[in-house]
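Below you'll find the structure, written out as structure tokens, and then a few comments.
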Amino acid sequence: MTSSTPQTPVHVINYDAGGYDYRDFWQGRDYEQWAEVHVIRRILRRTTPVQWAVDLGGGFGRNVPLELERAQHVVLMDYSWTNLQNAEHNLLADGQNTGRVFLVRGNIYHLPFRDASFELGSTIRVLHHLAATNDAIAEMSRVIGQHWLLDVPIKHHLLARMKAAVRGKGSALRTRDANELGNKDEPFWNYHLGAIRDEVRAQGWSDSLVASVANFRRWERAVPRPLRGPVRPLVYGAERLAQPMGRGWWGPAQFLWLTKRQQQAFADSESVLGTPPAAVAALAPRLWCPSCHGNLTWTDASATCTACAKPFTRQGMIWDFVVE
Ligand SMILES: C[S@@+](CC[C@H](N)C(=O)[O-])C[C@H]1O[C@@H](n2cnc3c(N)ncnc32)[C@H](O)[C@@H]1O
Ligand SMILES: [Zn+2]
């Protein structure tokens, strides 16, 4: 076993509960969307084009078009059926994405991908959901061979420090432990940036802190509606400046660009048994059983582990590799 994933199950947030559709979150968030596009495009240009990229916890594929600018193949991996089905309708409706975009339902703690399957990975707006943070980092790290864009939600951003100072609780933001927020049913975490940087370094990455992102999150709320139009270009201009200037202290989302110290290329072990359908054939060599890491025997409708006999099936173009 090369996996370092937890042996005991870790709760996974269910984005599908109550009919939730994550696309709704993005209504009226043009500035945050723009801020992320700006940084992701800028940073991904640091790589030469790659063959395979993975978006871990990629939701409905918001960032896949940007990843397709740098990668020939992009695998969107997420736990949520709704998000993946939305991705299927939007991304795969475009014939140009046939054979380039793949949809995998999976769990970050037990990924169905072989070691170093992808030259490039991204994990954006996901870390705050991952209770067993270090296990998740280790497992994501395992499947990426060269470069990784990791968005870290920090607890010691400017607004949090100002609020804590008012309440006389500033010292809690300086400790290296994660800060638990949310509620019992939907907890989430934000982090001390130094603690996450130490963890990724321990997993074999060189890290570069490349941007503080969405430094003026929800700015519209502070500006009366009639003034929003004229203020908007100023906010966007300020965000451009704050992304480099605010690294490590300003915004709630800090982007790390990680480069594996010992870069790994995917070793195709020719372990594909049976005949996968054409739509997943290019990805099949990179997949294994997420439970025991056995090889898979493929038919048009399923992939079955040769070691533990677990079957994995598909709904439409979405392959389900979640082990419940
Ligand atoms: C806030 S959304 C972000 C989606 C996407 N990265 C984006 O920026 O638009 C968080 C996503 O992480 C996924 N997620 C959370 N925990 C996960 C886990 N353990 N395994 C797989 N996906 C997970 C959720 O299903 C959800 O789609
Ligand atoms: Zn198995």
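Under our numbering, the sequence shown has 346 at position 320, and the numbering climbs by one with no breaks. Note that the Cβ used here is the ideal one computed from N, Cα and C, for glycine as well.
Cβ-heavy atom distance, residue i to ligand 1, below 7 Å
i      : result
Asp374 : As shown, the chain starts at 27 and ends at 350. That puts residue 374 outside it, with no answer to give.
Val130 : no
Arg151 : yes
Asp104 : yes
Pair within 8 Å by beta-carbon distance, residue i and residue j
i      : j      : result
Leu129 : Trp345 : yes
Lys181 : Leu199 : yes
Pro179 : Asn216 : yes
Ala79  : Gly147 : yes
Separation of residue j from residue i, as counted between CA atoms
i      : j      : result
Gln122 : Met103 : 20 Å
Met27  : Gly320 : Annotation note: pLDDT 39 at Met27 (below 50); position unreliable, coordinate value reported separately. Rounded to the nearest angstrom, the two C-alpha atoms are 10 Å apart.
Phe86  : Ala113 : 5 Å
Val298 : Thr332 : 11 Å
Ile69  : Leu284 : 11 Å
Ser58  : Leu260 : First, the residue type needs correcting, since residue 58 is Glu and not Ser in the sequence shown. Those two C-alpha atoms are separated by around 14 Å.
Pro278 : His155 : 15 Å
Ala248 : Val36  : 38 Å
Arg251 : Ala264 : 19 Å
Arg243 : Met188 : 15 Å
Met343 : Gln53  : 27 Å
Arg72  : Arg126 : 21 Å
Cys334 : Ala186 : 48 Å
Ala162 : Val257 : 40 Å
Any non-hydrogen atom of ligand 2 within 7 Å of residue i CB
i      : result
Ser317 : yes
Gly230 : no
Ala264 : no
From the options, residue whose alpha carbon lies closest to that of residue i
i      : options                        : result
Gly45  : Trp107, Ser197, Leu118         : Trp107
Ala142 : Arg72, Ala61, Lys286, Asp233   : Lys286
Ala240 : Val306, Trp60, Leu309          : Trp60
Leu64  : Pro337, Lys336, Leu267, Pro302 : According to the sequence as given, residue 64 is His; it is not Leu. Among Pro337, Lys336, Leu267, Pro302, the Cα nearest to that of His64 is on Leu267.
Thr74  : Glu145, Leu110, Val169, Phe214 : Glu145
Neighbourhood of residue i by C-beta, 7 Å cutoff - its chain only, sequence neighbours within 5 removed
i      : result
Leu235 : Arg273, Gly274, Gln280, Leu282
Thr339 : Ala327, Ser328, Asp346
Arg49  : Phe86, Asn112
Neighbourhood of residue i by C-beta distance below 8 Å, restricted to the same chain and skipping five residues each side
i      : result
Asp120 : none
Cut-off 6 Å between Cβ atoms - residues of its own chain near residue i, not counting five sequence neighbours on either side
i      : result
Tyr262 : none
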